[in-house]
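To start, the structure itself, in structure tokens.
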Amino acid sequence: MSQQAGASSSSTSYTKYASLPDVDTSAPDVYEYEGPSRTDDASQSRRHRSRKHRTQGGTDAADSDSSSDDSDHSAGHRKHAGDAKGAVKNEDIDSSSLKRSDAASKFTGATDLDADAVDFSGRLRHRSARKNRAARPIDAGVETATYALDDARPAGERAQESVVDRLRRLRFEASQLEEELKAEGSGAAGADIANGSVEVDSTQMLNQLKLLHDQLARLPSPSDQVGAASSSRETDQQTFRALLDQIKQAPSAVSATDAGATPAAGTAPAKTTAETRSAEVVQLEARLSELESTLGVHEALLDESKPVPRPVLSTLSRLEHQLSLLSQPRHLDAISRRVKVLVTEMDRANDMRRKLTDGVAEGAGGDAASKTAATLTPAEMTKLQQVFDVSRRIEPLLPLVPSVLERLQTLAELHASSAHFGSVLDALEQGREARQAQQNELDELLHKMEANMRQNSQTVEANLAALQQRIEDVSSRMQKLHKSFFLPSRHRPSCLATTVFSFSPSVDSPYDIDVSYWQLALASMASVPKTDVEQPTPATDFKDDSTSESILSDYKRTIERHVLLRRLDIVAQKLNRFYVESVGIRPLALSERTGTDWWSPSLVWFSSNVNVLSFSAGTLVKLLEMDMRSAMLTTLFVGAFCSFFPAYFSLFGPKLGMRQMIQCRYSFGYFGASVICVLNAATMLGYCILNSIVGGQTLSAVSSRADGTSTLTPDVGIVVAACIALVVSFSGIRVLHMFERFFWLPTLICFMILIGEAGTGPNALHVASNEPKATAQSILGFAAIIAGFVISYSALVSDVSHYLRPDVSPHKLFWSVYCGFFLSCVPFIMIGAAFACSSYDNDEWSTALGVSSGRFFQLILAGNLGNFGRFLVVLLALSVCGNISATIYSIGLNFQTMLPFLGPVPRFVWPLLATAIFLPLAIVGHDKFYETLTDFTSVLGYWASLYVGVVFADHVLVRRRDYASYDVKHWNQWNKLPPGLAALGACAISLAVVVPSIDQVWFHGPIAKRAGDLGFETGLAASIVLYVPLRMLEKKVFGR
């Protein structure tokens, strides 16, 4: 029987796999089991169950089967218990183990599924363990005559099964045990107990199992009672434990000790019940597999003949995403409108589909459906198809609806603004059309005016020709009349010309040329020479640029004649691109005088005097042995008086558009102005030398050592200050104004810090107890120094104000320049005088001032503030650059005025020449700074007072402050300018009073010995008094 069963099983296997592609049916069947060892807890459970439903004689066979291979153990269960040992194995079946990869390779290519993770052993236990381990409870093991269901998990994993799994397993085992007891109750009348012959009542055990089964069935499932109270669960568990205790207390049924006992010879094992249970298990497994596939939580092999259901989890995720989109309030309105449209379309589609479905149900076969479909028109069918197509296209786009709506909302404002922009564009277009029409009208008017002008020009030319003809006729008639009267030619026509045409044309008359022509014509008729007729000389017209054009034409002709000047002119044109000024001493035309910043010149002079040189001039009171009170008063009154003259002379620049030394020609003459230029150039070079020496000494003091030496010599500081000033003056008036506008601010801050750090007290700023009393000689000497320091600026103030417009307020310009000089010179000279007077009884200060001002700054600032104080000393050293820049700018203009043939040379050449002159002199003379400063500034006041007196008297007393009396077009014509003898004579005669009033180290005049240095005062008064009568005499003699 077993051989026949084996043969039938083998043939069945061949028949089963014969229809599969690429399967070699000629090879023997392979049954492989790679599960865990049956010596674990699962094997012990199966051994216990086998002893229950076998006879006592089958114990050894069961034990041997449980320890053998899984296939032999399964085969033993399919046969009768008595045939367990006598079973004949099928030789066609290979019981050796085969690797999973080798088994899978036999089915490769038979299907499109991935066979790497598939177990082809044919055993239900392996598939159910992989597919349903997480989805259904895993029982301890089920065995039937056909299949063996066993728990293949290790003992550790079974110990961790959940409550639901345990409950399901217990229910399953109770029902299984109940069925086994029913099946074996009739065949097994009794059994021997291990210790005696105690009989087990199967009916009693069956009743207890039924009671346990009912109690387990009534226990609620934890998945259904998630929210139940914990007390209810505890009650059910207690009931369950009580039932288990009753079972344990009952005599346990043990398998017979006789392992060889077998049932009767014709008795067959009850296979029907086991097969039924196996079928139920398989059905349950199939249902669980379908549930897993539906939920989408596990990959299962599905039947391709059945439609694949939609996974539940992915469907829930998609629905949750759509719900989140629909729950946004800002999209509900738009979505609701769209949904309404879609619902309407879908209703119509459903109605049409329902009609089709009803037609198919009512009809018979395909004829009824075709009739119902025939009731729809082709248009309706097309529209229905379009609705379905639209619905399929819209469904993937639903997630994009929120972003599209947000984008549309952001574009709403843009659309609104575009509408407004369109209206504005229309308005602009209309305005353009209107302006175009106006322009056309103006063009027409212009053409008409041009035609009228041409016509009028022709008429004027015709009138002039007619007038010329009439004049000739009158001339001929006059000659005839002359001959008829027989009068001498020198009488009657001359009388006629005197009586009829003796008038001078108006200055503003537009017919000046015609009048002169008539006079010349009448003079010729009267036989008077042309040179005897006085030509009309119009006054200076500020609105006429013909003067500048003539000057430029003269310059161009001069430049074209010299190769060097042509090359310099090319360089000047290139530098103009970088805003480098090239205009020299020529007067500026009205179109070039466009400046309106009346306060800008005042900042130039303020920045020029807020420096170390002003401080050093104040420290000279110690050499003159003056007290602090006398020094302060002298500085205040002399500075206030002397600041008047440079402020007043600055008004010449906007009114005349000329440089200061060019304007001097209208007083001293063409050649006499050269003498003033020499003195002024020497003065400015001297100031450049003094400023560079002060800057060099201050920079040298910053790097001084404790022993008095310095790592930086004064020569290096002199070169640094000179180079910075050269760059500014080389660039021209625009860069100079920008530089001087802000350069004074850091210097002012440094002086304020100096005063604060010096403090007050016996060793600080104070009135010394041993200060000397000032004498008249010392006061007048200090006054001469201040006068020479301030009044010498009168010779160059117009150089930085000539670019202003002529209509700039003269009052604002005057007072701004006056404050610029007064507030920069007087306070800082006072500061220097205060420190010098305080050093009478302060040896440390006295020693530092005796060396240089830079050493004094280093003592106070660096001694108290360290490195920051040294930085402040460096700023004070560089403050002299502002004065040097403005001075170098004017030196070149003096050179051009002094030597008129150098006028075509570009302006930027002269700062280089001036720097080359004063730089070596400063390096040589820095050792004797204070002696040089005292002598030089005293001499400056003498000649400056003579120049100021002459120019001031000429403008105020002679010309009566009439700027129109300066004929600008004669600026470079020596024969049209005043001779200058009156100015030179007044200065020369004034020297007779000035020289006896000089009080210097190298000379003491007789008047100065008694009264002090009065050279400045006497020179100013004498020049004013002497110039006026001399100028009247000069004008009467020379007529100009």
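Take the working numbering: the final residue in the sequence shown is number 1054, and no numbers are missing along the way. Heads up, the beta-carbon is just placed ideally off N, CA and C, and yes, glycines get one too.
In DSSP terms, what residue i is bridged to
{"i": "residue 774", "result": "779"}
{"i": "residue 1018", "result": "1013"}
{"i": "residue 609", "result": "818"}
{"i": "residue 724", "result": "718"}
Option nearest residue i by Cα separation, candidates the options
{"i": "residue 746", "options": "855, 1050, 903, 188", "result": "903"}
{"i": "residue 934", "options": "1020, 225, 702", "result": "702"}
{"i": "residue 842", "options": "470, 189, 626, 447", "result": "626"}
{"i": "residue 593", "options": "600, 585, 599", "result": "585"}
{"i": "residue 816", "options": "931, 724, 848, 663", "result": "663"}
{"i": "residue 814", "options": "602, 885, 787, 472", "result": "602"}
{"i": "residue 985", "options": "493, 679, 446", "result": "679"}
{"i": "residue 757", "options": "793, 799, 996, 890", "result": "890"}
{"i": "residue 358", "options": "871, 330, 402, 1024", "result": "402"}
Neighbourhood of residue i by C-beta, 6 Å cutoff - its chain only, sequence neighbours within 5 removed
{"i": "residue 741", "result": "none"}
{"i": "residue 279", "result": "Reliability of the predicted coordinates at residue 279 is poor, the pLDDT of 39 falling under 50, and no value is obtained from them."}
{"i": "residue 751", "result": "614"}
{"i": "residue 622", "result": "896, 897, 900"}
{"i": "residue 78", "result": "The predicted model places residue 78 with a pLDDT of 38, which falls under 50 and marks its position as unreliable; any figure quoted below should be read in that light. So the list is empty, once near-sequence residues are dropped."}
{"i": "residue 920", "result": "582, 586, 596"}
{"i": "residue 755", "result": "617"}
{"i": "residue 684", "result": "988, 991"}
Host alpha helix (DSSP H) of residue i (start-end)
{"i": "residue 619", "result": "614-623"}
{"i": "residue 687", "result": "674-716"}
{"i": "residue 587", "result": "577-589"}
{"i": "residue 908", "result": "894-912"}
{"i": "residue 791", "result": "790-805"}
{"i": "residue 640", "result": "Where residue 640 is concerned, there is no enclosing alpha helix (DSSP H), given that its DSSP letter is neither H nor E."}
{"i": "residue 1006", "result": "995-1008"}
{"i": "residue 662", "result": "658-663"}
{"i": "residue 1038", "result": "1029-1052"}
{"i": "residue 939", "result": "923-939"}
{"i": "residue 666", "result": "666-670"}
{"i": "residue 787", "result": "Premise fails: residue 787 is in no alpha helix (DSSP H) and is neither H nor E."}
{"i": "residue 812", "result": "Careful: residue 812 lies outside any alpha helix (DSSP H) and carries neither H nor E."}
{"i": "residue 880", "result": "Counting along the chain, residue 880 falls outside any alpha helix (DSSP H), and DSSP gives it neither H nor E."}
{"i": "residue 829", "result": "824-852"}
{"i": "residue 394", "result": "392-408"}
{"i": "residue 1057", "result": "Any property of residue 1057 remains undetermined from this structure, which presents the chain solely from 15 to 1054."}
Test item: CB-CB of residue i and residue j under 8 Å
{"i": "residue 1038", "j": "residue 958", "result": "no"}
{"i": "residue 963", "j": "residue 1041", "result": "yes"}
{"i": "residue 801", "j": "residue 1030", "result": "yes"}
{"i": "residue 874", "j": "residue 726", "result": "no"}
{"i": "residue 1008", "j": "residue 961", "result": "no"}
{"i": "residue 596", "j": "residue 846", "result": "no"}
{"i": "residue 682", "j": "residue 994", "result": "yes"}
{"i": "residue 894", "j": "residue 706", "result": "yes"}
{"i": "residue 818", "j": "residue 668", "result": "yes"}
{"i": "residue 612", "j": "residue 830", "result": "yes"}
{"i": "residue 630", "j": "residue 708", "result": "yes"}
{"i": "residue 699", "j": "residue 937", "result": "no"}
{"i": "residue 771", "j": "residue 879", "result": "yes"}
{"i": "residue 840", "j": "residue 649", "result": "yes"}
{"i": "residue 576", "j": "residue 732", "result": "no"}
{"i": "residue 638", "j": "residue 849", "result": "no"}
{"i": "residue 1013", "j": "residue 786", "result": "no"}
Contacts around residue i, its chain only, beta-carbon distance under 7 Å, and the 5 residues preceding and following it disregarded
{"i": "residue 677", "result": "666, 670, 812"}
Beta-carbon proximity list for residue i, same chain, < 8 Å, skipping 5 on both sides
{"i": "residue 975", "result": "969"}
{"i": "residue 695", "result": "905, 908, 909, 912"}
{"i": "residue 999", "result": "1040, 1044"}
{"i": "residue 973", "result": "979, 980"}
Residue i CB to nearest heavy atom of the ligand MG below 7 Å
{"i": "residue 698", "result": "As presented, the structure is devoid of all ligands, the ligand MG included, so that no description of it is given."}
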